[in-house]
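Accompanying notes for the structure given below.
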Amino acid sequence: MKPFLCLLLPLLLYLQLASWALASNCPNDCSCSSPKSIFCYTRQATTMPSDVPASTKKLYVFKNGIETIEQEDFTGMESLEMLDLSQNKLKELPDRVFAPLSSLRNIDLSSNQITHISQESFAGLELLERLYLHTNAIKSIHPAAFDGLEQLLELKLYRNELTTVPALKMPHLLLLDLRFNKIPSPGPTDLQTPKLESLKLGGLGLSTLNQELLGSFNNLHELDISNNQLKVFPRVLWKAKGLVRLSLASNPVGPLKWEHFENLNELQELDISNLSLQSLPDNMTLLFPHMKKLTVAENPFNCLCTLAWFPNWLRNKQILLGRTEETRCHFPPRNAGKVLGRLGHHDFGCPARTTVSPAKTTTTLAPPLITTLHSTTHAIPPFKPSDEPSSETDSHPLPPVPASPSSSTDSDLNINCPSSICVNGGTCWLDHQGYFGCICPHGASGKYCENKEVLALPENVSTATVSGMSEIFATKVTSSSILLDLYRYIERRPYIRGVKLTYKNLSGSDKRPMQLNIPPFYAEYTMRGLLPNSTYFICASPLDEPSDVDSVCTEAQTLNQQYTSAHVEEPQLTTMLVPSLAILLLLVLVAVAVGVAWYMYRKKRTQLHLYCDPSQLELEGVKAGMDSGALPQKQPDIMSSQSAVQKDYLDYEMPLIQDCCSANNMNTVKPS
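Those letters in the sequence shown? Residues -23 to -1, 1 to 649, by mature numbering (1 follows the signal peptide of the UniProt record, and there is no 0).
Here it is as structure tokens:
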């Protein structure tokens, strides 16, 4: 033990000295988690922090209120590779202001107030790979502003006020985001980016797409043309075989012709929300064999038997249904308002399944899926075997009927046992009564394998992998507020600059989403001003990113106002009852004590009656002085009768009477 302590003590001393040295080199009002990373968030300062060590590689100075920056602020930071200046109040970028940062590879200037990018704004940044300028007020960019950035991989300019985009000559650019500006469709001469993989043109108001532009990209994997004015399906997409992600949401394209998707069989993510779709063809299972995420929200679906295949397809293929809570049925009235992905086969009004065997023909009803949910993420959450179908999801539940060997096959079990019920690699099983369970692998436990020994996730794991685990949930609900627990969501994303909460009321007529921005150190947040007895759909996503990026959602219902008032008054009633009961108990004790005392007193007086009758004392004149004025005429009669009563006891009672009576009485009580 002693040799171990001898080795441990120097190590602890070394770590302590290292932490002291790190703290001494850390700028004021900043946090130095490692020797080469400095976090200066919410510093409430208008200038850059000073005395930054020369060895710093990552400097996060977001949400500080910085209004101006100068070249001298970055002198001596030749080793800096990451600079985050987002969520400040910068209005301009002086020429060559970042020139001292010769090793800089990533810079984030989003969520500021920048209005113009000059020719020399990014001079000297030959190694820059990522430039984020989104969510500013940029109106103009010099045509040569990006000429020296030949190593750039990502350029984000969305949510600005641009009307034109300069010609981009970037041979290595992979991602270009121009969404929500006022620019027309760029041409092939505007984007000289032969290696481009992701192009986002949503929200530009486009009525047509430049076919020559899109045809020039041989490596395009992601295309976002949502929220535009496209009235027909772009012909250039008919042969875009390499697309992996495609968003057509919120375009007036009219009825989709699914034959246009025949060459898009490599798609893994498709967003066709808000296209007035009433149904989906069952040949989607063949059109998209590699589908992983499908978003069909805000469409008026007719949830009839022709659509009964859809929920089972999602479960069997483990396809993530984006914006699940906004994907609801419109018709028939029995299913109106219900979440499409949670309906069972019998909810669509399909006839009972009939299986023909050589011996006989039998009819078997499929066991109902247990779909009562109160929390949801991108993936279909675990089902509870002990729950019954609620009135919200199934107004006419069917009792589970065990399938006979002659009328049940393995495929039936696969249909009724969704693979997404178990998380962390668990295997779903279906018992003979139609209820679900999970067989957990090594290292996982719980009813749905939701508990895992190691909660930390590697950096390369996508959000869809952990979507089955609840990352946000309501811990306390009243009639007008919901307390959200965001600890797990923030813990798994330590470098986000904040959390954007998007919520809307599913119970009222106004279903417009509302947004709140939460600092990254708020593990709990209370949403106030909500309506009572209403169901709210709440989503959390990283700040300054679209709501559908890395989004996790849950659902909570506020309490009824009468129910809440009853619970509020209960503590007051208890507070009043406790003192009242204490006072009552004290009064009872006092009454008992007085009763006991009176009883003892009367008992003692009763014992004295044998020797000293109270009537005798009163008759012999003890109270004669007090009552002489009230009864003067009765005194002679009483006296005469008393002398007769005392004759027989006079010889024996005289000594006792002398012990208990006064001397005055003894003078009157004498033998005649």
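The C-beta atom is built at its ideal place from N, Cα and C for all residues, glycine as well.
Top-ranked residue by Cα proximity to residue i, from the options
i    : options                   : result
P211 : Q128, E243, D28 and L233  : L233
G475 : L536, G101 and L520       : L520
T479 : R305, G485, P490 and R469 : P490
T452 : S484, N482, T535 and K488 : T535
I459 : I449, M268 and M504       : M504
L241 : N228, K216 and I473       : K216
Q295 : L191, S27, S518 and K270  : K270
K477 : S63, D487 and D525        : D525
L197 : L153, E302 and Q128       : L153
R311 : L483, P328, D324 and I46  : D324
A313 : V571, L60, P497 and L483  : L483
L461 : V142, G299, C7 and V529   : V529
S457 : P497, G125 and P509       : P509
V454 : F194, T301 and S511       : S511
D527 : V573, R469 and C9         : R469
I495 : L463, D487 and V565       : L463
S256 : C306, G485, L563 and F498 : C306
L220 : F194, A226, R300 and V569 : F194
P171 : M577, L129 and F498       : L129
K159 : N205, G101, R579 and W575 : N205
Y109 : E522, V567, S162 and N2   : E522
K481 : L507, Y499 and F498       : L507
S518 : A570, Q492 and N537       : Q492
Assumed close pair residue i, residue j - CB separation to whole angstroms, cut-off 8 Å
i    : j    : result
T272 : S250 : 5 Å
F514 : E532 : 5 Å
P288 : L247 : About 17 Å separates the two Cβ atoms, so there is no contact after all.
I94  : A114 : Not quite, the Cβ-Cβ distance comes to about 12 Å (not below 8 Å), so this is no contact.
L57  : L36  : 6 Å
L173 : L150 : 6 Å
A122 : F99  : 7 Å
Q48  : R20  : Q48 to R20, Cβ: 21 Å. No contact.
S224 : S203 : 4 Å
K66  : N89  : 7 Å
W235 : P266 : Not a contact, Cβ separation roughly 15 Å.
E55  : S80  : 6 Å
T304 : A274 : 5 Å
G318 : L297 : In fact, because the Cβ distance is near 10 Å, the residues do not count as touching under 8 Å.
V213 : V230 : The Cβ separation is near 14 Å, so there is no contact.
Contact check, residue i vs residue j, beta carbons under 8 Å
i    : j    : result
L181 : L145 : no
F238 : N279 : no
I449 : Y472 : no
K133 : H119 : no
Y164 : L190 : In the sequence as displayed, the identity of residue 164 is Gly instead of Tyr. Taking 8 Å as the Cβ cut-off, G164 and L190 qualify as a contacting pair.
L62  : V38  : yes
S27  : P12  : no
L244 : M261 : no
E131 : P148 : no
I43  : A76  : no
L254 : G326 : no
V142 : D124 : no
C7   : N41  : no
M25  : I46  : yes
L291 : N276 : no
L207 : N228 : yes
Residue i beta carbon near the ligand GDP (any heavy atom closer than 7 Å)
i   : result
N89 : With respect to the ligand GDP, the structure shown offers nothing to examine, as it has no ligands at all.
task = Indicate whether the contact test is met: 3 or more Cβ pairs, each with one atom in the stretch 123 to 141 and one in the stretch 184 to 194, closer than 8 Å.
result = Contact fails: fewer than three Cβ-Cβ distances are below 8 Å.
key: Completely contained beta strand (DSSP E) runs for the stretch 80 to 156, where each covers 3 or more residues   = 83 to 85, 107 to 109, 131 to 133 and 152 to 154
key: the stretch 81 to 89 in contact with the stretch 104 to 113 per 3-pair CB rule at 8 Å   = yes
Any beta strand (DSSP E) of 3 or more consecutive residues that is wholly inside the stretch 261 to 329 = Counting whole runs of 3 or more residues, the stretch 261 to 329 contains the beta strand (DSSP E) stretches 270 to 272, 297 to 299 and 306 to 308.
key: Length at least 4, wholly inside the stretch 167 to 235: the alpha helix (DSSP H) runs in chain order   = 188 to 192
key: Segments of 4+ residues assigned as alpha helix (DSSP H) that fall wholly inside the stretch 454 to 517   = 464 to 468
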